[in-house]
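K.L.:
Starting off with a structure, shown below.
2 protein chains.
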Amino acid sequence: MLTKKKQLLFEKQAEIAKAIAHPLRIAIVDFLKDGQQCVCDIAEYVGSERSNVSRHLSVMVNAGVLEYRKEGLKVIYRLRTPCILDFFACVTGVLKQQAKDNQKLLAAL
Amino acid sequence: MLTKKKQLLFEKQAEIAKAIAHPLRIAIVDFLKDGQQCVCDIAEYVGSERSNVSRHLSVMVNAGVLEYRKEGLKVIYRLRTPCILDFFACVTGVLKQQAKDNQKLLAAL
DNA sequence: TGACTATATGATTATATACTCACATAATAA
DNA sequence: TTATTATGTGAGTATATAATCATATAGTCA
């Protein structure tokens, strides 16, 4: 049976995972891996309304994935933990496995 | 600007992330890291209705995170890619960073 | 001061997700 | 065959999330 302690941990982990589990937010994280950026540049890169991007950014800040700093009129966002990028290695691994399995299936037809 | 190719990749990645982004599903993945299990045992472990667990399992199968095999009356689920466990290392990293920052904040008060 | 710019947020709507209950399906054993 | 057990799925409801528009806030510069 699941302990209360583990349950709490899983809830925290789910919160972080949810904060990344959106195409736009993944695009943002990918954009930020090369360095910090302001909301305006992020919005232009991902091709969405600034208000929408601002909301997505605050979701990730609340989850602890991003952090920000104000600089004049602009707000600059950056990755808070480099290990977030490991997440993509993991997910890419799943995708590669899927592709491999599809290839096997195709070859068997 | 975001290329169509990258956009497609991010959508796929988000799908996989979403498949894990739930406390119950994280509990399931954690349970399965030590070996394959049937729905009934998974449901008992996580403390939820079998019908509900069955739905969560199928979400993860569709995303390519889990795979299953039938054995008599039972359906046995297992992790499809061991690298899924790396995900937890990543998320735990974020949580550790959060805890560290909280400690700093506390010490500064 | 007022105009301008970047960002955040309230309100609304549309959509997606999770859960429950009831029922369907399928394998097994008597 | 019937009864039993494990699993999956349709339907309904409740809740969460995403996107948009309008508006608020706050820093900058003329």
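Going down the list, the sequences are from chains A and B. Under the numbering used here, read the first sequence as residues 1 to 109, first letter to last. Under the numbering used here, read the second sequence as residues 110 to 218, first letter to last. In this text, a Cβ means the ideal position worked out from N, Cα and C, and glycines have one as well. Please read these numbers as outputs of a predicted model, since none were measured by experiment.
So the beta strand (DSSP E) residue 180 (chain B) belongs to, where does it begin and stop?
P.N.:
By one-based count along the second sequence, residue 180 (chain B) stands at place 71. It spans 175-180 - the beta strand (DSSP E) in which residue 180 (chain B) sits, taken as one unbroken run.
K.L.:
Mapping DSSP to helix, strand and coil, what is residue 78 (chain A)?
P.N.:
Locating residue 78 (chain A) in the first sequence gives position 78, counting from the first residue. Looking at residue 78 (chain A) - three-state DSSP - the assignment turns out to be strand.
K.L.:
Compute the distance between the beta-carbons of residue 83 (chain A) and residue 193 (chain B), then report whether it is under 8 Å.
P.N.:
Walking along the first sequence from the start, residue 83 (chain A) turns up at place 83. Walking along the second sequence from the start, residue 193 (chain B) turns up at place 84. No, the pair does not count as a contact, with Cβ atoms beyond the cut-off.
K.L.:
Which bits of chain B does residue 3 (chain A) rub up against, with CB to CB less than 8 Å?
P.N.:
Walking along the first sequence from the start, residue 3 (chain A) turns up at place 3. The contacting residues do not exist; residue 3 (chain A) stays about 10 Å from chain B at best.
K.L.:
What number of angstroms, rounded off, separates the C-alpha of residue 18 (chain A) from the C-alpha of residue 64 (chain A)?
P.N.:
Counted from its first residue, the first sequence places residue 18 (chain A) at position 18. Counted from its first residue, the first sequence places residue 64 (chain A) at position 64. Spanning the two alpha carbons is a distance of roughly 12 Å.
K.L.:
Where DSSP assigns a beta bridge to residue 134 (chain A), which residues make up the other side?
P.N.:
Because residue 134 (chain A) is not part of the residues shown, which for chain A are 1 to 109, the question remains open.
K.L.:
Once you ignore the five residues that flank residue 40 (chain A) on each side, which residues in its own chain have a CB closer than 6 Å to its CB?
P.N.:
The sequence position of residue 40 (chain A) within the first sequence is 40, counting from 1. Excluding residues within five positions, none has a Cβ falling inside 6 Å.
K.L.:
Which of the three DSSP states, helix, strand or coil, is assigned to residue 110 (chain B)?
P.N.:
As a working note, residue 110 (chain B) is residue 1 in the second sequence. Of the three classes helix, strand and coil, the one that applies to residue 110 (chain B) here is coil, per DSSP.
K.L.:
Run down chain A in chain order and give the residues with a C-beta less than 8 Å from the C-beta of residue 189 (chain B).
P.N.:
Within the second sequence, numbered from 1, the residue matching residue 189 (chain B) stands at position 80. Ordered by position in chain A, the residues that pass the 8 Å Cβ test against residue 189 (chain B) are 94 and 97.
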